[in-house]
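Participant:
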Amino acid sequence: MNLTMLLEMAADTGPDRVAVGSRDGGVTYRQLLDRARTLAAQLTVSEHRHVALLDLNTPAVPVLLFGAAAAGLPIAPLNYRLTNQQLDEAVGRLAPATVVTGADTASRLTPRADLVIRRTDDVIREAASSAAEADLPFVDPDDPAVLLFTSGTTGAPKAALLRHRHLTNYIVSTVEFWNADEDEAILVSVPNYHIAGISSILSSVYAGRRMVQLPSFTPEGWVKLAAAERITQAMVVPTMLGRILDVLEETGTSLPTLRALSYGGGRMPQQTVERAMTLLPHVDFVNAYGLTETSSTIAVLGPDDHRAALNSDSPEIRARLGSVGRPLPSVEVEVRDHNGSPVSAGEFGEVFVRGEQVAGEYTSHSALDSDGWYPTRDRGRLDAEGFLFLDGRADDVIVRGGENISPGEIENVLVDHPAVAEAAVVGVADPEWGERVEAVVVAAPGTVVLESELQEWVRDRLRSTRVPTHVHEWDALPFNETGKLLRRALRDELNARAPLRKVTR
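Residue numbers (my numbering): 570 to 1074.
#1: Kindly indicate the opening and closing residues of the alpha helix (DSSP H) around Q840.
#2: Classify A914: buried if its beta carbon has 16 or more other beta carbons within 10 angstroms, exposed otherwise.
#3: Can you list, in chain order, the residues of its chain whose CB lies under 7 angstroms from that of T723, leaving out five sequence neighbours each side?
#4: Take the Cβ of A729 as the centre, count every other Cβ of all protein chains shown within 10 Å, and call the residue buried at 16 or more, exposed below.
#5: Threshold first: 4 residues or longer. Then list the alpha helix (DSSP H) segments lying entirely within the region 847–915, N to C.
#6: May I have a chain-ordered list of the alpha helix (DSSP H) segments no shorter than 4 residues that lie completely inside the region 588–657?
#7: Determine the burial state of E980: buried for a count of at least 16 other Cβ atoms within 10 Å of its Cβ, exposed for fewer.
#8: For R962, which beta-bridge partners are listed by DSSP?
#9: Under DSSP, the alpha helix (DSSP H) around R1060 begins and ends at which residues?
#10: Over the uninterrupted alpha helix (DSSP H) stretch that includes E577, give me the two end residues.
#11: With DSSP as the reference, please indicate the residues paired to E919 in a beta bridge.
#12: Evaluate the contact criterion for the region 644–651 versus the region 729–746: three or more CB pairs, one atom per stretch, below 8 angstroms.
#13: Which value, in whole angstroms, describes the spacing of the CA atoms of V781 and N761?
#14: If I measure Cβ to Cβ from M578 and keep anything under 6 angstroms in the same chain, skipping five residues before and after, which residues do I get?
#15: Would you call the region 788–807 and the region 664–680 touching, i.e. three or more CB-CB distances under 8 angstroms?
#16: Confirm, please, whether the CB-CB distance from A588 to T597 is below 9 angstroms.
#17: Which term fits H907, buried or exposed, when burial requires 16 or more other beta carbons within 10 angstroms of its beta carbon?
#18: List the endpoints of the continuous beta strand (DSSP E) containing Q1024.
#19: Where L717 and P646 are concerned, what is the direct C-alpha to C-alpha distance, given to the nearest angstrom?
#20: With distances taken Cα to Cα, identify the nearest neighbour of L1049 among H763, T932 and A928.
#21: Report the rounded CA-to-CA distance for P628 versus G777, giving the unit in angstroms.
#22: Quick one: what does DSSP say T723 is sitting in, helix, strand or coil?
#23: Let's see if you can read the secondary structure: which residues bound the alpha helix (DSSP H) around D938?
#24: In terms of alpha-carbon separation, which member of L824, D940, Y943 and I974 lies closest to F917?
#25: Going by DSSP, what residues sit across from I770 in a beta bridge?
#26: By the DSSP assignment, the beta strand (DSSP E) with S676 in it spans what residues?
#27: Along the chain, where does the alpha helix (DSSP H) that runs through P976 open and close?
#28: Considering only their Cβ atoms, is the gap separating T573 from L612 smaller than 9 angstroms?
#29: Thinking just about the alpha-carbon of each residue, which of T737, V852 and D882 is nearest to the one in G871?
#30: On the premise that D874 lies in contact with I894, defined as a C-beta separation below 8 angstroms, what is that separation, rounded to the nearest angstrom?
#31: Based on Cα-Cα distance, which residue from R1030, D999, V1027 and V1017 lies nearest to A1065?
#32: For the candidate residues L731, D960 and V982, whose alpha-carbon lies nearest to that of D711?
#33: Put P713 into one of helix, strand or coil per three-state DSSP.
#34: Who are the Cβ neighbours of E901 in its own chain at under 6 angstroms, not counting the five residues just before and after it?
#35: Can a CB atom of chain C be found closer than 9 angstroms to the CB of P872?
#36: Going by C-alpha distance, which of H619, D585, V692 and E695 is nearest V660?
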């Protein structure tokens, strides 16, 4: 199966159901298929190897995704927040290519002979003007479908390659075909260059759900559009959810049509989840953990798990609100030690995953081992019931005097302090210990952060080696737009500081 077949099935089943846009006047599934085929016919006349997209979320994104797929060309959505130089470097790796850009991004690329730069509005207008009669190529399920440049939080971005079979295996194993009621609508606010943005489109099409794109996220805009379009489903990243909750509380908005809210993409504070469930008791919450290289979700903490944990008196069960749930039935997950051997329940190690949806492939190489296992580079543990708890990246481990220290363990203790809203812990170069533990915190509103108090707080709950040498108070932590902490940037800044700034309130 290839991506185009997902849309063809939807268009055959409900041709007149609105697929994209407003309830009144949106693009139907039949129109979406016709426009994708017309665009594909235009793309096949070129000898380009890729289609690149440099634009915000718009109703054009599904047309471009399925149009490129029907033409047999992989699409590469680009991060419009990159610098011009970084964009030129990314496009250079895709050339020869057709680059589709928004009005505000067209001028950011350096013209070159092996690129054709087209405006999004022009492409979509031409695709909607007529249905092209053309023989489209056969698209093998093993052909590349999507290229996504990874966030580069621990190194230079890599181009992850997802084939049609990886994405379709994920969709058909996790989504029931055409199971959405006609009134259902999903608000797509995750950037189109993130795997969650791609999977939202594919899963919505297969389910027959209407898609509404939010071009650029603001919490006020998200709440307003969700209310106006009677949104029933949405997916957010951790940094989005907290700000959305603030707006809901400030405005008294309840979003009565919202039925399901999934979150993922970064560490979600347990306090934020509990707050969301209290504020929106009618909503089913889902924590979805996955990676670009795994075609999206590989583990889920479902609505029943959320409610059971929130209402439990057992500390072990309640702690599951801080987990990412259990692996999907379609994948295998193992936690291994540094020698590659599986560890016992409750022990930390590196998370490995295997399954038909797992690509584990880049344009330069495959990261799968001979048995098809992909090393996620995430640290985690599985409890006795199979719930997966993450503890940051394997690369984030602090080595102090030969002892491995987990930043996540210390961060969890710090955010339990009533004066701390957010916390990040990194290793900073130290001439005596190799690395020392340092923390950056964001104070909770109306509170005062004292370094000595937080150090004592950690010392009382963990070993003395876990106590931060210094605690810095910042106004905000550095996150990327998908909610991932930019730990490398944090570490670099702290390493560059001399003398180190201390909290002196």
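Each residue gets a CB set at the ideal place from its N, CA and C atoms; glycine is no exception.
Facilitator: With the structure as the only source:
#1: Bounds of the alpha helix (DSSP H) holding Q840 are Q839 to L848.
#2: An exposed status is given to A914, since fewer than 16 other beta-carbon atoms sit within 10 Å of its beta-carbon.
#3: Low confidence applies here, because T723 scores a pLDDT of 46, under 50, leaving its location unreliable; read the following figure in that light. Closer than 7 angstroms at the Cβ level, and outside the excluded window around T723, lie R962, D964 and R1057.
#4: By the neighbour-count rule (16 or more Cβ atoms within 10 Å), A729 is buried.
#5: Secondary structure in the region 847–915: the alpha helix (DSSP H) runs of 4 residues or longer, each lying completely within the stretch, are 872–879 and 884–887 in chain order.
#6: With a minimum length of 4 residues, the continuous alpha helix (DSSP H) runs that stay inside the region 588–657 are 598–612 and 629–640.
#7: So E980 ends up on the buried side.
#8: Bridge partners of R962 according to DSSP: D947.
#9: Counting along the chain, the alpha helix (DSSP H) containing R1060 begins and ends at R1056 to A1065.
#10: Start and end: L572 to T582.
#11: For E919, which the question treats as bridged, DSSP gives the partners R905 and R948.
#12: No, the region 644–651 does not touch the region 729–746.
#13: In this structure, the alpha-carbon of V781 lies about 13 angstroms from that of N761.
#14: Closer than 6 angstroms at the Cβ level, and outside the excluded window around M578, lies no residue.
#15: Taking 8 angstroms as the limit for Cβ pairs, the verdict is that the region 664–680 does not touch the region 788–807.
#16: Yes; because the gap between Cβ atoms is below 9 angstroms, this pair is in contact.
#17: Result: exposed.
#18: Taken as a continuous stretch (DSSP letters only), Q1024 belongs to no beta strand (DSSP E), being part of the alpha helix (DSSP H) at E1020 to R1030.
#19: Separation of L717 and P646 (C-alpha to C-alpha, rounded to the nearest whole angstrom) is 7 angstroms.
#20: Per the sequence presented here, residue 1049 reads as Asn, with Leu not at that position. Cα-wise, what sits closest to N1049 is H763.
#21: For P628 and G777, the distance between alpha carbons rounds to 16 angstroms.
#22: A caution first: T723 carries a pLDDT of 46, below 50, which makes its placement in the model unreliable, though a value can still be read off. T723: coil per DSSP, three-state reduction.
#23: Per DSSP, D938 belongs to no alpha helix (DSSP H) and is neither H nor E.
#24: Checked all of L824, D940, Y943 and I974; the closest Cα to F917 is I974.
#25: DSSP lists no partner for I770.
#26: For S676, there is no enclosing beta strand (DSSP E), as DSSP gives it neither H nor E.
#27: Segment P976 to V984, the alpha helix (DSSP H) holding P976.
#28: Taking 9 angstroms as the Cβ cut-off, L612 and T573 do not qualify as a contacting pair.
#29: Minimum Cα distance to G871 is reached at V852.
#30: Checking the sequence, you will find Gly at residue 894 rather than Ile. Between D874 and G894 the Cβ distance is about 6 angstroms, and since that is below 8 angstroms, they are a contact.
#31: Here the closest residue by C-alpha is D999.
#32: Checking every option, the nearest Cα to that of D711 belongs to L731.
#33: Taken through DSSP and simplified to helix, strand or coil, P713 comes out as strand.
#34: Excluding positions up to five away in sequence, the list reads R923.
#35: Going by chain labels, chain C is absent from the structure shown, which holds only one protein chain.
#36: Closest by alpha carbon: H619.
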